[in-house]
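Participant: For what it's worth, this note's numbering labels the leading residue of the sequence shown as 10, then goes sequentially.
For every residue, glycine included, the Cβ atom is placed at its ideal position computed from N, Cα and C.
No experiment lies behind these values; they were computed from the predicted model shown.
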Amino acid sequence: MSDTAVRRHLVWLLEGGHAHTKFDEAVARFPKDKMGVRPAGAPHSAWELLEHMRLAQEDILRFSLSAEWVSPAWPEGYWPRNPAPAHDSDWDKSVRAFRKNLAEFTGIIRDPTHDLYHKFPWGDGQTLFREALLIADHNSYHLGQLVLLRRLLGIWG
Numbered sequence: 010m011s012d013t014a015v016r017r018h019l020v021w022l023l024e025g026g027h028a029h030t031k032f033d034e035a036v037a038r039f040p041k042d043k044m045g046v047r048p049a050g051a052p053h054s055a056w057e058l059l060e061h062m063r064l065a066q067e068d069i070l071r072f073s074l075s076a077e078w079v080s081p082a083w084p085e086g087y088w089p090r091n092p093a094p095a096h097d098s099d100w101d102k103s104v105r106a107f108r109k110n111l112a113e114f115t116g117i118i119r120d121p122t123h124d125l126y127h128k129f130p131w132g133d134g135q136t137l138f139r140e141a142l143l144i145a146d147h148n149s150y151h152l153g154q155l156v157l158l159r160r161l162l163g164i165w166g
């Protein structure tokens with residue numbers, strides 16, 4: 010498979026919508042009064058999942074670009090402190106930041122000057138290819154959780 014085809018497939022995987030719902034579908038028109046609700050048996054609210062996805066994706070993106078990046082403390086740095094957003098605008102702000110970081114990462118993947126397989130001089134063997142798979146895997150897992158939460162809250166479909 011050509012490098013161009015691999016890059017195209019990675020972007021396809023990162024943007025979703027094939028084996029799972031797209032990010033925009035999972036977060037669209039989410040009622041403000043449901044963002045912080047943890048349905049019975051659910052460990053996280055939609056806000057917690059959205060922020061976790063944003064924080065983890067940003068960490069992977071920034072790590073992929075620079076040895077100077079310092080990852081948040083695990084696990085507390087990857088989750089919001091509260092189950093609900095502090096302000097009504099926080100949800101949309103988080104959604105925009107997630108989209109922006111995903112677009113930046115897919116831009117890097119599309120750019121043939123970025124070697125997909127070269128190990129970063131920092132870290133412990135990570136490559137851009139591996140980090141792309143990590144973002145896609147992590148996002149699809151939590152998108153599934155968001156869809157399940159929407160179903161439990163009666164706001165899906």
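(1) From the DSSP output, in three-state form, read off Q66 for me.
(2) Which class does N148 belong to by DSSP, given the choice of helix, strand or coil?
(3) Count Cβ pairs between the region 101 to 108 and the region 151 to 165 that sit closer than 8 angstroms; are there 3 or more?
(4) Thinking C-alpha only, which one of R159, V156 and F138 is nearest I69?
(5) Is the Cβ-Cβ distance between L23 and Q154 less than 8 angstroms?
(6) Taking one C-beta from the region 38 to 48 and one from the region 132 to 147 each time, how about it: are there three or more such pairs within less than 8 angstroms?
(7) Quick one: residues in its chain with C-beta nearer than 7 angstroms to the C-beta of V79, no 5 flanking neighbours on either side, listed in chain order?
(8) Determine the direct distance from the alpha carbon of A82 to that of I117, and round the result to whole angstroms.
(9) With DSSP as the reference, label D42 as helix, strand or coil.
(10) Is F129 helix, strand or coil when you go by DSSP?
(11) Please report how far the alpha carbon of A55 lies from the alpha carbon of T136, in whole angstroms.
(12) Could you round the C-beta distance between T30 and L152 to whole angstroms and report it? I think they count as a contact, below 8 angstroms.
(13) Could you tell me whether the Cβ of H18 comes closer than 8 angstroms to any Cβ of chain D?
(14) For Y150, which of H96, F32 and Y126 has the nearest alpha-carbon?
(15) Evaluate the contact criterion for the region 87 to 94 versus the region 60 to 67: three or more CB pairs, one atom per stretch, below 8 angstroms.
Facilitator: For this structure:
(1) Working through the sequence shown from its first residue, we reach residue 66 at position 57. If DSSP states are grouped into helix, strand and coil, Q66 belongs with the helices.
(2) Residue mapping note: residue 148 aligns to position 139 of the sequence shown, counting from 1. Looking at N148 - three-state DSSP - the assignment turns out to be helix.
(3) no
(4) The residue given as residue 69 occupies position 60 in the sequence shown. When each option's Cα is compared against that of I69, the closest is F138.
(5) As a first step, residue 23 is located in the sequence shown; it is residue number 14 there, counting from the start. As a first step, residue 154 is located in the sequence shown; it is residue number 145 there, counting from the start. The answer is no: Cβ separation not under 8 angstroms.
(6) The region 38 to 48, when compared against the region 132 to 147, does not touch it at the 8 angstroms Cβ threshold.
(7) Locating residue 79 in the sequence shown gives position 70, where the first residue counts as 1. Within the same chain, V79 has no close Cβ partners at all.
(8) Residue mapping note: residue 117 aligns to position 108 of the sequence shown, counting from 1. Residue mapping note: residue 82 aligns to position 73 of the sequence shown, counting from 1. If I take the Cα positions, the gap works out to 26 angstroms.
(9) Looking up residue 42 in the sequence shown gives position 33. Helix, per DSSP.
(10) As a position in the sequence shown, residue 129 is number 120, starting the count at 1. F129 falls in the coil class under three-state DSSP.
(11) Working through the sequence shown from its first residue, we reach residue 55 at position 46. Working through the sequence shown from its first residue, we reach residue 136 at position 127. Roughly 31 angstroms separates the two Cα atoms.
(12) Start at 1 with the first residue of the sequence shown, and residue 30 comes out as number 21. Start at 1 with the first residue of the sequence shown, and residue 152 comes out as number 143. Yes, T30 and L152 are in contact; Cβ-Cβ is about 6 angstroms, under 8 angstroms.
(13) Protein chain content of the structure displayed is limited to a single chain, and chain D is not contained in it.
(14) Position 141 of the sequence shown, counted from the first residue, corresponds to residue 150. With distances taken between Cα atoms, Y150 lies closest to F32.
(15) Under the 8 angstroms Cβ criterion, the region 87 to 94 counts as touching the region 60 to 67, having at least three qualifying pairs.
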